[in-house]
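S.K.: First, the structure itself, so that you have it in front of you.
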Amino acid sequence: MHQSSIDKMQLFVNKYLNKKSSEELYILDLGSQNIGGSYRPIFNIPGWKYIGLDLEVGENVDILLRDPYRWNEISSNSVDVLISGQTLEHIQYFWLTILEIARVLKPGGLCCLIAPSTGYEHRYPLDCWRFYPDGMIALANFAQLEVLEAFTQWENENYNDGSNVWHDSVLIARKPLTFDKQCSDSMEIYTHLFEVLTPSGQLELYKFEVTNLKRALSSIDLELKQLKTQNMNLLLTHAKAIENIEKSFFWKLRTQWFLIKNLFIKLFAINLNESK
């Protein structure tokens, strides 16, 4: 576990969970085995229950999965927050994993997934994938999760532990309060996968993406209206300022000055003509 990954998870907690510090949260860490560090200290908050989930016995592992794609050990709609770092790249069929993540999350539950976009091969026991923001978004859309953030650390930052080799990608997503096509039990996951890959399933997936785009468009439209309102207020303020200036004593004095100035110019011109 490299430091940049730990820092990104801390940023997730600061932004999305700090207001929940007084609540009881069930937090599941997928791929939790401590290999050079873990996220557990970040979630060491009274009332928060951090559970480590992995396929192998080891330090920081509380629940051992028998099947990586059927989490029978975890109930549906039971997890407030699911986190995972440096795990997705090792999972052969990660699209099945995201469906299980969606299944176990409570409606409104959050997930934060961190995976490398670059870096050398590191097999635990496999190293299959690298992820970009578009890939993270596609993954969330596939499981019908709402994307809150998806980004990659493209630039090298101030780390001396080799963190910059990985250029982590991050997905922060939320399970909708109304969740269509959700697998109610992990044994239905392959049925759900088949549905998604059929024409009718694809239609449902596209409908979901269209809904997300409409939501984004609505947000942009609202921002545009706010900007128009701000612009109108600025124009009114500007007009009022000009009106106040024109009513001021100094403006009247300025006007009189120009009248007198023009009068002297005319008189000077008349005298000049008469002298000729």
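Sequential numbering from 388 applies to the sequence shown in our numbering. The beta-carbon is built from N, C-alpha and C at its ideal position, and this holds for glycine as well.
On the premise that Trp516 lies in contact with Leu452, defined as a C-beta separation below 8 angstroms, what is that separation, rounded to the nearest angstrom?
M.R.: Incorrect: roughly 19 angstroms between the Cβ atoms, too far for contact.
S.K.: Could you tell me whether the Cβ atoms of Glu443 and Asn421 are closer together than 8 angstroms?
M.R.: Cβ atoms of Glu443 and Asn421: not closer than 8 angstroms.
S.K.: According to DSSP, what are the bridge partners of Glu536?
M.R.: Ile559.
S.K.: If you count every other CB in all the chains shown that lies within 10 Å of the CB of Ile461, and 16 or more means buried, which is it?
M.R.: Buried is the call here.
S.K.: Figure out for me which residue from Ile501, Asn658, Ala489 and Asp441 has the closest Cα to the Cα of Tyr511.
M.R.: For Tyr511, the nearest C-alpha among the options comes from Asp441.
S.K.: Determine, using beta carbons only, whether Asn464 comes closer than 8 angstroms to chain C.
M.R.: As a matter of chain content, chain C is missing from the structure shown, which is built from one protein chain.
S.K.: Residues bridged to Ala502 by DSSP?
M.R.: BP columns for Ala502 point to Ser556.
S.K.: In whole angstroms, what separates the C-alpha of Phe538 from that of Gly434?
M.R.: Distance between the alpha carbons of Phe538 and Gly434: 30 angstroms.
S.K.: Distance, Cα to Cα, Pro563 vs Pro503?
M.R.: If you take the alpha carbons of Pro563 and Pro503, they lie about 26 angstroms apart.
S.K.: With H, G and I counted as helix, E and B as strand and the rest as coil, what does DSSP make of Asp608?
M.R.: Of the three classes helix, strand and coil, the one that applies to Asp608 here is helix, per DSSP.
S.K.: Let's test the definition: count the other Cβ atoms within 10 Å of the Cβ of Cys570 and tell me whether it reaches 16, buried, or not, exposed.
M.R.: Low per-residue confidence applies at Cys570: pLDDT is 45, beneath 50, and the placement is therefore not dependable, though the value from the model is reported in the following sentence. Buried: at least 16 other Cβ atoms inside 10 Å.
S.K.: Among Leu513, Trp553, Leu558 and Leu614, which has the Cα closest to the Cα of Ser471?
M.R.: Answer by Cα proximity: Leu558.
S.K.: According to the Cβ coordinates, are Leu698 and Val466 closer than 8 angstroms?
M.R.: With the chain running from 388 to 663 in the structure shown, residue 698 is simply not present.
S.K.: Gly522: buried (16+ other C-beta within 10 angstroms of its C-beta) or exposed?
M.R.: Per the 10 Å Cβ criterion, buried.
S.K.: Are there 16 or more other CB atoms within 10 angstroms of the CB of Ser550, so buried, or fewer, so exposed?
M.R.: Buried.
S.K.: Please identify the residue among Ile607, Ala527, Ile652 and Leu614 whose C-alpha is closest to the C-alpha of Glu596.
M.R.: Answer by Cα proximity: Ala527.
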